[in-house]
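Chains as they are written, first to last, in our numbering: chain A, 586 to 699; chain B, 8 to 119.
The beta carbon of each residue, even a glycine, is placed where N, CA and C say it ideally should be.
The model shown is predicted, which means the values in this text are computed figures rather than measured ones.
These notes concern the structure reproduced below.
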Amino acid sequence: DAGVIQSPRHEVTEMGQEVTLRCKPISGHDYLFWYRQTMMRGLELLIYFNNNVPIDDSGMPEDRFSAKMPNASFSTLKIQPSEPRDSAVYFCASSTKQGDEKLFFGSGTQLSVL
Amino acid sequence: RKEVEQDPGPFNVPEGATVAFNCTYSNSASQSFFWYRQDCRKEPKLLMSVYSSGNEDGRFTAQLNRASQYISLLIRDSKLSDSATYLCVVKVYGGSQGNLIFGKGTKLSVKP
């Protein structure tokens with residue numbers, strides 16, 4: 586199995602630029618989650634989808650962040666404009682049901698905003 | 008008070024040692040509990056569930072104390088490969104976090 590696939594693995598950008606992170610969940614998983622991990626705050630849920638529909642985006646920091654899931658095999662997380670405080674590792678995860686303890690995480694995207 | 012709290016460590020132990028981590032949770036409605044493992048620069052992966060009666064998986068033992076709202080993970084005969092960060096995870100039904108709340112993790116370093 587390919588697992589959850591995220592791209593890019595690393596992204597370095599300058600403040601003010603648009604950043605787009607991509608995720609392909611495991612086939613057949615109905616739930617997709619976007620997390621952000623920092624040393625200070627740990628792993629935080631940003632938004633999650635069920636059957637391509639956003640269910641809870643209360644973790645999205647502000648309007649600069651947006652996420653879409655146009656189909657069952659693809660999701661994007663966009664930051665526009667990016668700021669240095671957005672620097673973190675962004676993980677995408679998928680599961681077969683809500684609250685399923687076995688989340689399958691992608692390898693993450695290390696984002697650095699200079 | 009944070010929903011899930013862990014001692015960040017690091018716990019530096021020699022090979023063969025026994026080490027224990029604790030985790031406390033604030034929501035008494037928490038239903039299920041888990042330990043995830045995260046290697047350096049890698050993604051988190053499910054290590055084991057925590058059952059009310061306590062459970063073992065090889066060298067790993069997990070215990071739950073609902074009255075005191077804490078969970079523990081015991082690792083016996085530590086191996087170098089156990090070096091990682093261990094995340095305590097709580098499942099809360101009806102919450103707004105997709106139901107899983109992650110602690111910040113406890114870092115373990117096993118030395119030769």
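Quiz item: Is there a Cβ from chain B that is less than 7 Å from the Cβ of F690/A?
Solution: yes
Quiz item: Cα separation between S85/B and F618/A?
Solution: 33 Å
Quiz item: Could you give the distance in angstroms between the alpha-carbon of V674/A and the alpha-carbon of L115/B?
Solution: 20 Å
Practice problem: Count the other CB atoms, across all protein chains shown, that sit within 10 Å of the CB of T25/B; report buried if there are 16 or more and exposed otherwise. | Solution: exposed
Quiz item: I think N656/A touches N636/A, with their Cβ atoms under 8 Å apart; what is that distance to the nearest whole Å?
Solution: At roughly 11 Å, the Cβ-Cβ gap does not stay under 8 Å, so N656/A and N636/A are not in contact.
Quiz item: What residues of chain C sit near P51/B, judged by a beta carbon separation below 8 Å?
Solution: Absent from the structure: chain C. Protein chains present are A and B.
Quiz prompt | Which listed residue (N72/B, L54/B, R73/B and L71/B) has its alpha carbon closest to that of D64/B | solution = L54/B
Quiz item: A27/B: buried (16+ other C-beta within 10 angstroms of its C-beta) or exposed?
Solution: exposed
Quiz item: Quick one: is G613/A near chain B, going by C-beta distance under 7 Å?
Solution: no
Practice problem: Flag F18/B as yes if its beta-carbon sits less than 7 Å from any beta-carbon of chain A, otherwise no. | Solution: no
Exercise. Have a look at V589/A and F659/A and give me their C-alpha separation to the nearest angstrom.
Key: 10 Å
Practice problem: Please confirm if F127/B has its CB atom under 7 Å from at least one CB of chain A. | Solution: The requested residue 127/B is not part of the displayed model; chain B covers only 8 to 119.
Exercise. Give me whichever residues DSSP pairs with M55/B in a beta bridge.
Key: W42/B
Quiz item: Buried or exposed: G621/A, going by 16 or more other Cβ atoms within 10 Å of its Cβ?
Solution: The amino acid at residue 621/A is misidentified as Gly; the sequence shows Arg. Counting Cβ neighbours within 10 Å, R621/A comes out buried, since at least 16 surround it.
Quiz item: Can you list, in chain order, the residues of its chain whose CB lies under 8 Å from that of V604/A, leaving out five sequence neighbours each side?
Solution: E596, T598, K663, I664, Q665, S667, D671, L696 and V698
Self-check item: C-alpha gap between T661/A and D46/B, whole angstroms
Solution: 25 Å
Exercise. Could you name the residues of chain B that G693/A contacts, counting a contact when the two beta carbons are closer than 7 Å?
Key: E50
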